[in-house]
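Trainee: Dumping the structure here so I can ask a few things about it.
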Amino acid sequence: MTDNRIATAALGAGGPAVGVQGLGCMGMSFAYGPADADTSRATLERALELGVTLYDTADAYGDGDNERFLAPFLRAHRDEVVVASKFALSIPPDEPDRRIIRNDGPYIRQAVEASLKRLDVDVIDLYYMHRRDVNVPIEETVGVMAELVREGKVGQLGLSEVTADELRTAHTVHPIAAVQSEWSLFSRDIEAGVVPAARELGVTLVPYSPLGRGFLAGSFADADQDLTAGDFRRRMPRFTGANAAANAALLEPVRTVAGAHGATPGQIALAWVHRRAAVHGLPVVPIPGTRRPARVEENTAATRITLTEEDLALLDPIAAQVAGTRYADMTFTSAGRE
Ligand SMILES: NC(=O)c1ccc[n+]([C@@H]2O[C@H](COP(=O)([O-])OP(=O)(O)OC[C@H]3O[C@@H](n4cnc5c(N)ncnc54)[C@H](OP(=O)(O)O)[C@@H]3O)[C@@H](O)[C@H]2O)c1
Numbered sequence: 001m002t003d004n005r006i007a008t009a010a011l012g013a014g015g016p017a018v019g020v021q022g023l024g025c026m027g028m029s030f031a032y033g034p035a036d037a038d039t040s041r042a043t044l045e046r047a048l049e050l051g052v053t054l055y056d057t058a059d060a061y062g063d064g065d066n067e068r069f070l071a072p073f074l075r076a077h078r079d080e081v082v083v084a085s086k087f088a089l090s091i092p093p094d095e096p097d098r099r100i101i102r103n104d105g106p107y108i109r110q111a112v113e114a115s116l117k118r119l120d121v122d123v124i125d126l127y128y129m130h131r132r133d134v135n136v137p138i139e140e141t142v143g144v145m146a147e148l149v150r151e152g153k154v155g156q157l158g159l160s161e162v163t164a165d166e167l168r169t170a171h172t173v174h175p176i177a178a179v180q181s182e183w184s185l186f187s188r189d190i191e192a193g194v195v196p197a198a199r200e201l202g203v204t205l206v207p208y209s210p211l212g213r214g215f216l217a218g219s220f221a222d223a224d225q226d227l228t229a230g231d232f233r234r235r236m237p238r239f240t241g242a243n244a245a246a247n248a249a250l251l252e253p254v255r256t257v258a259g260a261h262g263a264t265p266g267q268i269a270l271a272w273v274h275r276r277a278a279v280h281g282l283p284v285v286p287i288p289g290t291r292r293p294a295r296v297e298e299n300t301a302a303t304r305i306t307l308t309e310e311d312l313a314l315l316d317p318i319a320a321q322v323a324g325t326r327y328a329d330m331t332f333t334s335a336g337r338e
């Protein structure tokens, strides 16, 4: 054990303790351009050394590739890590703009078996509904998910991009441990309804894309110019053309606060998520994604930065000025249905 291990937080009321920052594994197989497998494996190991225990994947990431990629790491460290995966969304590899969303029982049952097999585990510790299919009552979906818990295939339940009402209804069927939704300096829409509902119900918030998909950390400035042809971020309205230029200008206060703390802009973006969660009074386990060990070191070190009221006064106004929505089609998000 090293002394730079991160603190822990509970995953859901009475749930297991996990490192207060998780690791988003999506980019190791999907969405963000070519990845080097050896460096990604080293990233998984370094994260664990630093106290990161929640590893996030989904069946949709690379059509199962990301789950398969994680399997050897999970075999080596099964008792030390909490693995989270998701069902409901599939993206045909030859049609990257298409989204197929299923929340019905037969689909969930085949999805969980396929994920268990690819991950090569007996139980998926945290199983999320990735996206909401409004044609299936949420009570029905969570009812089937609860059966998976009773059957020992799944440990805890989570929901991604649900509305506050959907979360409340789901929670009456079975306790929901975690809501995974986008939350960052650039994306604060969940603070209106989802965050207060999660606090009230004792649900842990797992913010995804807390680094604004790398934009807040300065890893790219214009998706069309800086990223490879298949990169998913080239389809996101915020990161291209005039919107990208306008949004890059919004990063100045982040750099100012970073300078004051002797930190990087990415660390300030991560520290902000923790600070905002503290303001709202709920537990939070952000899952920044990276494929590089040095960035895991940088990102986990951010958990030791405490922002001041003055910092928040500079950072909080940013989100309202962001140009462009977080997805081209917002109907798949909680904000798109609220
Ligand atoms: N539930 C959902 O619908 C949903 C949606 C999106 C994502 N997710 C999950 O959330 C995780 C995190 O979200 P995300 O990956 O979209 O976005 P993110 O964590 O905001 O940003 C990831 C990007 O930032 C870069 N990065 C990471 N640390 C950095 C640092 N210290 N300095 C500079 N750049 C840095 C990464 O590049 P490198 O990899 O090259 O370091 C990557 O391109 C995903 O991995 C996935 O598991 C869930």
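For the sequence shown, counting from 1, position 264 maps to 264 in the UniProt record's numbering; every step adds exactly one.
Virtual Cβ for every residue (Gly too), placed ideally from N, Cα, C.
From Arg213 to Tyr127, what distance separates their C-alpha atoms?
Mentor: Counting from 1 along the sequence shown, the entry for residue 213 is found at position 213. Counting from 1 along the sequence shown, the entry for residue 127 is found at position 127. Roughly 23 Å between the two C-alpha positions.
Trainee: Is Ala217 a contact residue of ligand 3, with contact defined as CB to any heavy atom under 7 Å?
Mentor: By its list of ligands, the structure shown excludes ligand 3, since it contains just ligand 1.
Trainee: Residue range of the beta strand (DSSP E) that Met129 falls in?
Mentor: Start at 1 with the first residue of the sequence shown, and residue 129 comes out as number 129. Residues Ile124 to Met129.
Trainee: Is there at least one non-hydrogen atom of ligand 1 closer than 7 Å to the beta-carbon of Ile100?
Mentor: Here residue 100 refers to the residue found at position 100 of the sequence shown. No, the beta carbon of Ile100 sits no closer than 7 Å to any heavy atom of ligand 1.
Trainee: Taking the alpha-carbon of Asp329 as reference, which of Gln180, Arg131, Phe220 and Asp226 has the nearest alpha-carbon?
Mentor: Stepping through the sequence shown from its first residue, residue 329 is reached at position 329. Here the closest residue by C-alpha is Arg131.
Trainee: If you pair each beta-carbon of the segment 184-198 with each one of the segment 116-123, do three or more pairs fall below 8 Å?
Mentor: no
Trainee: Distance check for Leu216 and Asp97, CA to CA, integer angstroms please.
Mentor: The residue you call residue 97 lines up with position 97 of the sequence shown. The residue you call residue 216 lines up with position 216 of the sequence shown. When rounded, the distance between both Cα atoms is 24 Å.
Trainee: According to DSSP, what are the bridge partners of Thr69?
Mentor: For this step, residue 69 is matched to residue 69 along the sequence shown. The question names Thr, but residue 69 in the sequence shown is Phe. DSSP lists no partner for Phe69.
Trainee: Are Arg291 and Ser85 closer than 8 Å when you measure CB to CB?
Mentor: Mapped onto the sequence shown, residue 291 falls at position 291. Mapped onto the sequence shown, residue 85 falls at position 85. Not a contact, by the Cβ cut-off of 8 Å.
Trainee: Looking at the secondary structure, which residues open and close the alpha helix (DSSP H) in which Thr39 lies?
Mentor: For the purposes of this step, residue 39 is taken as the residue at position 39 of the sequence shown. Counting along the chain, Thr39 sits inside the alpha helix (DSSP H) bounded by residues Ala37 to Glu49.
Trainee: Based on DSSP bridge pairs, tell me the residues matched to Asp94.
Mentor: In the sequence shown, residue 94 corresponds to position 94, counting from 1. Answer is none; Asp94 lacks a bridge partner.
Trainee: Between Asn243 and ligand 1, is there a pair consisting of the residue's CB and a ligand heavy atom that are separated by less than 7 Å?
Mentor: As a first step, residue 243 must be located in the sequence shown, where it is residue number 243. Using a cutoff of 7 Å, the CB of Asn243 does not count as near ligand 1, since none of the ligand's heavy atoms is closer than that.
Trainee: Checking 8 Å against the spacing of the C-beta atoms, do Asp120 and Leu148 come in under that value?
Mentor: The residue you call residue 120 lines up with position 120 of the sequence shown. The residue you call residue 148 lines up with position 148 of the sequence shown. Cβ atoms of Asp120 and Leu148: not closer than 8 Å.
Trainee: For chain B, is any of its Cβ atoms less than 8 Å away from the one on Leu201?
Mentor: No chain B appears in the structure shown, which is made up of a single protein chain.
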